[in-house]
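Engineer: Let me give you the structure first, and then I'll get to my questions.
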Amino acid sequence: MRSEFLHFALPDITTTELDMVAEAMLSGWITSGPRVREFERLFSEAVGARHAIAVNSCTAALHLALETISIKPEDEVITSPYTFAATAEVIRYFGAKPVFVDIDPLTFNIDPAALSAALSDRTQAVIPVHIGGLPVELGQIISTRQTGGVPVIEDAAHAFPCRYAGRVIGAISDFTFFSFYATKTSTTGEGGMICTNNQEWAERCKMMSLHGISRDAWNRYAAEGSWYYEIVAPGFKYNMTDIAAAMGIAQLARADTMWTRRCEIAARYNSAFSSMPELQIPTDDPRHQHAWHLYMLRLHLGKLNIGRAEFVEELKRRNIGTSVHFIPLHIHPYYRETYGYSPNDFPVAYNEYLREISLPIYSKMTDDDVQDVIDAVTEVVRVNSRRRTYVPA
Ligand SMILES: Cc1ncc(COP(=O)(O)O)c(C=O)c1O
197 MRSEFLHFAL PDITTTELDM VAEAMLSGWI TSGPRVREFE RLFSEAVGAR
247 HAIAVNSCTA ALHLALETIS IKPEDEVITS PYTFAATAEV IRYFGAKPVF
297 VDIDPLTFNI DPAALSAALS DRTQAVIPVH IGGLPVELGQ IISTRQTGGV
347 PVIEDAAHAF PCRYAGRVIG AISDFTFFSF YATKTSTTGE GGMICTNNQE
397 WAERCKMMSL HGISRDAWNR YAAEGSWYYE IVAPGFKYNM TDIAAAMGIA
447 QLARADTMWT RRCEIAARYN SAFSSMPELQ IPTDDPRHQH AWHLYMLRLH
497 LGKLNIGRAE FVEELKRRNI GTSVHFIPLH IHPYYRETYG YSPNDFPVAY
547 NEYLREISLP IYSKMTDDDV QDVIDAVTEV VRVNSRRRTY VPA
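Position 234 (the sequence shown) corresponds to 430 in the working numbering; numbering is contiguous.
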């Protein structure tokens, strides 16, 4: 058994990040400035979007996107219950209703076939989430949009770098937003990016990210800037700092290398677990590029003597950190009490949640770390399998 606890997620920070952050700090420009503009330029190039706006979280990015398309009270926005708090809470900021659509049991992503049935006269947007970094069926969702005629806003918090049918996620639908939270595949500590090809929307997001101030608010203290500004809307304080952007630029340059390492880890897990009947390895799809932000293993509970919570505990006893993604939104008190949901209103999301366990998958993991996870999972399965004679896979 390993002697030290293996964290579920750790950022991959090198001296490049440290040097670039130090340089930003010593430059005298520590809030939004030239590094933010550079990060936006590089990121928009990386995903092929015409516009990229850096903000201080992915939640802020989603808030700005919904503000830009003028979501109002009583509007409906379709999303999946199988996601993090942020995806639906921003819909509630506007007094609008998140309409949940159940997930596909194989992918954890919103079920495109069920989506069209949820469209109504009040639907104003659809927010599909690329769970764990496996792309949603965007082609189908965008064609469903044609029947609904509403913007598609991708929650790509987990999906960088990621491709749907060869196309980089970030410029395919109306809006795509990314997270650079500490555990994400590229990080700025806290941070987010809004991508769109629509110039008017990009300008609105940019303006609203900094108090609704009309023009070039960020450089009003620079030599070429001006003290004069106008407030044209009651905006927010969502701008990214140059310190964060410096880290983001360094991470962006290493994004493919970090992704390659996560692919190697996923491949090792898959080959260790695929022949174990007690486990179900995550779905992948050769048509797409999985970002491998999460490795979402599933337990066949009928083949084990323990439940998911005990499985998590058994791994913790062996010094392996894990997590669960996600506790579906409809079973949280707020959504239960506000909309009267019960767990089986979205039965696939609920049942898959009960047997999901996310294993560590991050580029800083050594080969020994990966082997420790494999050994620990294999042992917990062996000790708790209902098979009378356990034959190692
Ligand atoms: C699916 C999803 N969407 C949105 C967010 C929000 O990201 P941030 O923490 O950058 O606001 C998260 C964060 O974990 C997430 O998992």
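Where is the CB? At the ideal position from N, CA and C, for every residue including glycine. Bear in mind that the values here come from a model prediction, so they are computed numbers and not experimental data.
Reducing DSSP to helix, strand and coil, say where L555 ends up.
Structural biologist: strand
Engineer: Could you spell out the range, first to last residue, of the beta strand (DSSP E) harbouring E389?
Structural biologist: Before going on, a small fix: residue 389 reads as Met here, not Glu. That run of the beta strand (DSSP E) goes G388 to T392.
Engineer: Regarding F280 and ligand 1, is the C-beta to nearest heavy atom distance less than 6 Å?
Structural biologist: yes
Engineer: Looking at C-beta atoms only, is the number of pairs between the segment 279-297 and the segment 251-262 that lie closer than 8 Å three or more?
Structural biologist: yes
Engineer: Looking at E350: is its Cβ nearer than 7 Å to the Cβ of T372?
Structural biologist: yes
Engineer: Can you determine whether any heavy atom of ligand 1 sits closer than 6 Å to the C-beta of A284, and answer yes or no?
Structural biologist: no
Engineer: Run through DSSP, which three-state label would A250 get?
Structural biologist: strand
Engineer: When every heavy atom of ligand 1 is checked, does at least one fall within less than 6 Å of the C-beta of A353?
Structural biologist: yes
Engineer: Bridge partners for F371 per DSSP, in chain order?
Structural biologist: I349
Engineer: What is the DSSP secondary structure of M472, counted as helix, strand or coil?
Structural biologist: coil
Engineer: Quick one: grab the DSSP three-state call for K614.
Structural biologist: The requested residue 614 does not occur in the structure, where the chain is confined to residues 197 to 589.
Engineer: Can we count V508 as close to ligand 1, meaning its CB is less than 6 Å from some heavy atom?
Structural biologist: no
Engineer: R359: which of F376, H326 and C391 sits nearest, CA to CA?
Structural biologist: Relative to the Cα of R359, the nearest Cα in the group F376, H326 and C391 belongs to H326.
Engineer: Straight-line CA distance for T319 to G388?
Structural biologist: 26 Å
Engineer: Would the beta-carbon of V346 be found less than 6 Å away from any heavy atom of ligand 1?
Structural biologist: no
Engineer: Classify R359 as helix, strand or coil using the three-state DSSP reduction.
Structural biologist: The answer is strand: DSSP assigns R359 an E or B state.
Engineer: In chain order, what residues of the same chain lie with their CB nearer than 7 Å to the CB of M561, ignoring the 5 residues before and after it?
Structural biologist: Non-local beta-carbon contacts of M561 in its own chain, meaning distances under 7 Å to residues more than five positions away in sequence, involve I461 in chain order.
Engineer: What residues are listed by DSSP as bridge partners for Y377?
Structural biologist: G385
Engineer: Can you tell me the Cβ-Cβ gap for A487 and P357, rounded? I've got them flagged as a contact below 8 Å.
Structural biologist: 6 Å
Engineer: Counting C-beta neighbours from all protein chains within 10 Å, is the total for D568 16 or more, i.e. buried, or is it exposed?
Structural biologist: buried
Engineer: In or out: F280 buried (at least 16 other Cβ within 10 Å) or exposed?
Structural biologist: buried
Engineer: Rounded to whole angstroms, what is the Cα-Cα separation between T255 and M404?
Structural biologist: 14 Å
Engineer: What does the alpha-carbon distance come out to for the pair P539 and H521?
Structural biologist: 16 Å
Engineer: Would you please state the rounded distance, in angstroms, between the beta carbons of I557 and L490? I believe it to be under 8 Å.
Structural biologist: 7 Å
Engineer: Between A468 and the rest of its own chain, which residues show a CB-CB distance below 6 Å, the 5 nearest in sequence each way excluded?
Structural biologist: I570
Engineer: What does the alpha-carbon distance come out to for the pair L311 and D541?
Structural biologist: 15 Å
Engineer: Kindly indicate the opening and closing residues of the alpha helix (DSSP H) around L511.
Structural biologist: R504 to R513
Engineer: What are the boundary residues of the beta strand (DSSP E) that V566 is part of?
Structural biologist: Not the beta strand (DSSP E): V566 falls in the alpha helix (DSSP H), residues D563 to N580.
Engineer: Does at least one heavy atom of ligand 1 sit under 6 Å from the Cβ of G328?
Structural biologist: no
Engineer: Using 6 Å as the cut-off, classify the Cβ of S382 as near or not near the heavy atoms of ligand 1, replying yes or no.
Structural biologist: no
Engineer: Report yes or no: do three or more beta-carbon pairs, one from the segment 422-431 and one from the segment 239-248, lie closer than 8 Å?
Structural biologist: no
Engineer: If we cut at 7 Å on Cβ distances, does H259 have a partner in chain B?
Structural biologist: Judged by its chain identifiers, the structure shown contains no chain B, having just a single protein chain.
Engineer: Thinking V217 and I439 are a contact (beta carbons under 8 Å), I'd like their distance in whole angstroms, please.
Structural biologist: Right, their Cβ atoms sit about 6 Å apart.
Engineer: Indicate the three-state DSSP secondary structure (helix, strand or coil) for M492 in the structure shown.
Structural biologist: strand
Engineer: Could you pull out every unbroken beta strand (DSSP E) segment of at least 3 residues lying fully inside the segment 250-335, listed in chain order?
Structural biologist: 272-275, 293-296 and 319-323
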